[in-house]
Amino acid sequence: MSLTLTQLRYLIAVARHGSVTGAARAINISQPSVSVAIDTIERDFGQKLFVRQRGSGVSLTSFGRVVVTKAKQVLAETDELMSLGAGNSAIGGELVLGCFEDLAPFFAPGLIRAFSERHPAVAVVVRDETFETLGRRLADATVDLGLSYDLGLPSHFARILLHELRPHALLPAGHALAGHPEVSLADLAAYPLITTDQPHSWQHMLDLFRGRGLSPVADMRTSSFELQRSMVANGFGVAVSYTRPHGDRSYDGLRLVCKPLSDPLPMQRIILTHDTHQRVSNAALAFIAVAKVWFSTRDIFAS
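Note that the UniProt record's numbering gives residue 24 to position 24 of the sequence shown, counting from 1, and the numbers run on in steps of one.
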């Protein structure tokens, strides 16, 4: 067996992008070159690393997940070896940041910009994820760090606190509760509740009500946070959210009213997370340090 670093980079790219075509496009290499590298690695190991499905890319086998994890460790250590003696400015390699889809547009671009200014030699790849896919990607080592709310993660995942948020109510302009200085969950339970369809998200929101003995009518779920906001703005119901954009208007230009909740509810945590069973690279550690400072100096979700 004579694995090369180039072959390992191709292997990780295929695992990350879920297809040979996507990997070849991302790293600007011909598709046959990537295919040959994967075939060579599988032949050397005598085992399949990927399950190939016509029309739906590839997925890692259980053995493939082990190999990819080790390959990432080898490449990370190689990058660190090449940077010895050069200090933090020489931290290099690649960092894959998985972001919960509701948080990604608010924080990922600014965080990556701040990190890249400090560590320009690191290539950062950002991916939108749901609660469910984020956990899988981190466990498979196809994502290095996750930016998320502290919901739905395995107990052995690290949780680095960046910020805490209070929930608030979303109401359409002109709603009967819009003139109140604050509202309660009991007030909101009298109106249709709109939730997003991320499993841990809508369950968490309903648990807030159920914990106070309330049973709201929640028969409308939306595919995204912005669609939820638009449905509220158009008068289809009310919502509870932790995320709040700068500017209380929906995508279609209608005004939303955000009101604090009077109930003593738990704060929600924005965290960086990683699988503690995986090695944390120097690039990931540097990103964590930058993120802590970045969040501490920003006015998160200001009115």
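Each residue gets a CB set at the ideal place from its N, CA and C atoms; glycine is no exception.
- Nearest to Phe236 by C-alpha distance, out of Ala173, Ala286, Ser262, is Ala173.
- If you check the CB distance, His200 and Gly152 come in under 8 Å.
- Buried is the label assigned to Glu129, since at least 16 other Cβ atoms lie within 10 Å of its Cβ.
- Per the Cβ contact rule, the region 141 to 150 is not in contact with the region 221 to 232 (fewer than 3 Cβ pairs under 8 Å).
- Straight through space, the alpha carbons of Leu214 and Glu164 are spaced by roughly 25 Å.
- DSSP places Pro260 in the strand class (E or B) of the three-state scheme.
- In the three-state reduction of the DSSP assignment, Thr130 falls in the coil class.
- Looking only at Asp263, Gln268, Pro264, Asn234, the smallest Cα-Cα distance to Arg244 is reached by Gln268.
- By the Cβ neighbour-count rule, Val143 is buried, with 16 or more other Cβ atoms within 10 Å of its own.
- Contact between the region 64 to 80 and the region 20 to 32 is absent, with fewer than three C-beta pairs closer than 8 Å.
- Under the three-state reduction of DSSP, Phe209 is assigned to helix.
- The three-state secondary structure of Gln268, taken from DSSP, is strand.
- Setting aside the 5 residues that flank it on each side, Leu261 is surrounded in the same chain by Arg166, Pro167, His168, Ala169, Glu182, Val183, Ser184, Leu185, Val240, each with a C-beta closer than 8 Å to its C-beta; the list follows chain order.
- With distances taken between CA atoms, Leu145 lies nearest to Ile271 out of Arg52, Ile271, Asp187.
- Taken atom to atom, the span from the alpha-carbon of Ala104 to that of Leu208 is near 24 Å.
- Leu206 sits close to Ala218, with the two beta carbons spaced by under 8 Å.
- Considering only Val124, Ala284, Ile300, Tyr242, the residue with the shortest C-alpha distance to Gln73 is Ala284.
- The residues Asp128, Glu129, Thr130, in chain order, have a CB closer than 7 Å to that of Glu101 in the same chain once the five nearest residues on each side in sequence are set aside.
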